[in-house]
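Residue numbers (our numbering): 439 to 978.
Quick notes on the structure that follows.
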Ligand code: G6Q
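The following block contains the structure:
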């Protein structure tokens, strides 16, 4: 198979880059008066303005040709058809089935999976209604007021992010917490002021063998039993979300209280499966269904829109343009919404775990850059911290700005101030400020170079009418499919995670070596041996 970098489409882009690399956004805007209106796309409720990027209509045409050559559409269709495109694990990749409406058909190994999805959603809905109404009580008959999700990585970041995002839609009389770190502090802080008689734990783990999660789950069981003193309490205070029924039973959770998902749901793509149970308890089954409908709306767009109008594909292609031709190493994602405080953390895993690969789907080393480093925080806070480097540093950092037209709460004129910042930053990043402009402001000569802004820093702006379960679903699906598009172009498997699997095993050998009652013969490298010895000595 021809390597993507050896195709005529890639070569044309490389040539085009040489022609365009020094062109300033100021000139692109001057040459095309309607650029701000023409370089934009809409899908569902999302509006993407990509005009402040260092590209022309020709660039888009060439990028679209690259996507066709790379077979992005064919891989997309294979995903929707339930083919096993996760080749290293021989699994289908069907997070899109998690939000398929009742009656739609998506088959894996000849079996339609949509009815199973809805059966679990119905069970989740029933459970959520009982807990939220008080019909489901704790062991002593008290109402459940606290829900703690125990999980890590894909079994934590999604529900945690979405709970934060949608907490304004949640039952405010209930407390929701998330324990992920095996650092005992995480569990201790999450439970320190809670009453076990009113607390429900959701143990969320696809494999139900992850060291951190199982350690936290065992501690949670002890914490519950220490207060309630009766094994029978476990059935009222613990439910599991997993693909592994045998391990759930072994842990002591009645599988009647287990919510299932399937091996064709990747961890980082799973929060709209039963992994989102904590979120459903918070916002209710109807809110959850609304979110799934939002996801589905973007899925439909991704599946049917031509590449030129396909919002996730265009976003992915613009990313390829900077990653592979401009040599940009990172992407900043900057939501101007405090409820989205954890969005970038979530997208960091989605993108970096999916496309952080260095061999092709055929196992050959890649000779091109793959997934970027994703980082960022909600605006406006970052403006007072690291935006300095984006404006005046030496690195090229493409940014996604995400804003909402309606605030969740009308608090004075805060929202206009917030949004004015969202509009002003991409403007300043694109157009900068010339030395002449700075001088004309009366700035003393010695300061002029320091107060000059080169501009030409690329940004996307995504505008959304308002934050809701529906638009959150659309936004997350947008980024899922963006990551998909890029992985398809780089010809990597975006759906395995062998680096994470490695991490799950590495510590297992060392855990017994830290036990103070033993005197282990250490046979690691000299650095690791010395560190372990020092730790043992200082731990006492
Ligand atoms: C996600 C990854 C990883 C995984 C966690 C938790 O795609 O595979 O982040 O979600 O390691 O795994 P379990 O759900 O099996 O505990």
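Yeah, the Cβ is synthetic: ideal placement off N, Cα and C, and Gly gets one too.
Give a single yes or no on whether residue i has its beta carbon closer than 7 Å to a heavy atom of ligand 1.
i: residue 935; result: yes
i: residue 758; result: no
i: residue 590; result: yes
i: residue 656; result: no
i: residue 674; result: no
i: residue 705; result: yes
i: residue 902; result: no
i: residue 623; result: no
i: residue 711; result: no
i: residue 791; result: yes
i: residue 855; result: no
i: residue 558; result: no
i: residue 644; result: yes
i: residue 391; result: What is shown of the chain runs 439 to 978, which leaves residue 391 out entirely.
i: residue 618; result: no
i: residue 546; result: no
i: residue 476; result: no
i: residue 938; result: yes
i: residue 593; result: yes
i: residue 651; result: yes
i: residue 897; result: no
i: residue 526; result: no
i: residue 648; result: yes
With a 10 Å radius around its C-beta and 16 neighbouring C-beta atoms as the bar for buried, classify residue i as buried or exposed.
i: residue 940; result: exposed
i: residue 968; result: exposed
i: residue 602; result: buried
i: residue 551; result: buried
i: residue 457; result: exposed
i: residue 924; result: buried
i: residue 760; result: buried
i: residue 755; result: buried
i: residue 920; result: buried
i: residue 606; result: exposed
i: residue 843; result: exposed
i: residue 780; result: buried
Quickly, what does DSSP pair residue i with across the bridge? List them, please.
i: residue 745; result: In DSSP, residue 745 forms no bridge with anything.
i: residue 678; result: 641, 696
i: residue 841; result: 901
i: residue 481; result: 484
i: residue 706; result: Residue 706 pairs with nothing; no bridge assigned.
i: residue 803; result: 797
i: residue 616; result: 587
i: residue 771; result: 838
List the whole-angstrom C-beta distance separating residue i from residue j, where the pair is believed to meet the contact cut-off of C-beta under 8 Å.
i: residue 937; j: residue 463; result: Incorrect: roughly 37 Å between the Cβ atoms, too far for contact.
i: residue 854; j: residue 816; result: Not quite, the Cβ-Cβ distance comes to about 17 Å (not below 8 Å), so this is no contact.
i: residue 952; j: residue 973; result: 7 Å
i: residue 525; j: residue 513; result: Their Cβ separation, rounded to whole angstroms, is 11 Å, which puts residue 525 and residue 513 out of contact at 8 Å.
i: residue 604; j: residue 721; result: 5 Å
i: residue 655; j: residue 641; result: 5 Å
Alpha carbons only, please: which of the options is nearest the one belonging to residue i?
i: residue 784; options: 811, 640, 934; result: 811
i: residue 946; options: 623, 696, 650, 770; result: 650
i: residue 639; options: 740, 652, 843; result: 652
i: residue 845; options: 837, 839, 856; result: 856
i: residue 995; options: 710, 625, 716, 752; result: The chain is shown from 439 up to 978; residue 995 falls before or after that span and cannot be answered.
i: residue 839; options: 789, 888, 753; result: 753
i: residue 907; options: 787, 718, 745; result: 718
i: residue 569; options: 676, 439, 865, 782; result: 676
i: residue 486; options: 961, 819, 913; result: 913
i: residue 794; options: 527, 520, 933, 957; result: 933
i: residue 956; options: 942, 935, 978; result: 978
i: residue 898; options: 882, 767, 757; result: 757
i: residue 828; options: 841, 778, 800, 868; result: 868
i: residue 798; options: 508, 472, 503; result: 508
i: residue 796; options: 591, 488, 931, 469; result: 931
i: residue 539; options: 734, 743, 883, 825; result: 734
i: residue 685; options: 671, 648, 822, 440; result: 648
i: residue 935; options: 789, 520, 745; result: 789
i: residue 681; options: 703, 480, 964; result: 703
i: residue 590; options: 499, 708, 695; result: 708
i: residue 389; options: 964, 970, 862; result: Beyond the ends of the chain as shown, which are 439 and 978, falls residue 389; an answer cannot be given.
i: residue 577; options: 631, 669, 497; result: 669
i: residue 439; options: 461, 498, 929, 567; result: 929
i: residue 646; options: 705, 575, 625; result: 705
i: residue 506; options: 926, 962, 961; result: 926
i: residue 633; options: 834, 612, 504, 736; result: 612
i: residue 515; options: 593, 737, 966, 767; result: 737
Does any residue of chain D bring its CB to less than 8 Å from the CB of residue i?
i: residue 516; result: This model lacks chain D altogether, as it is built from one protein chain only.
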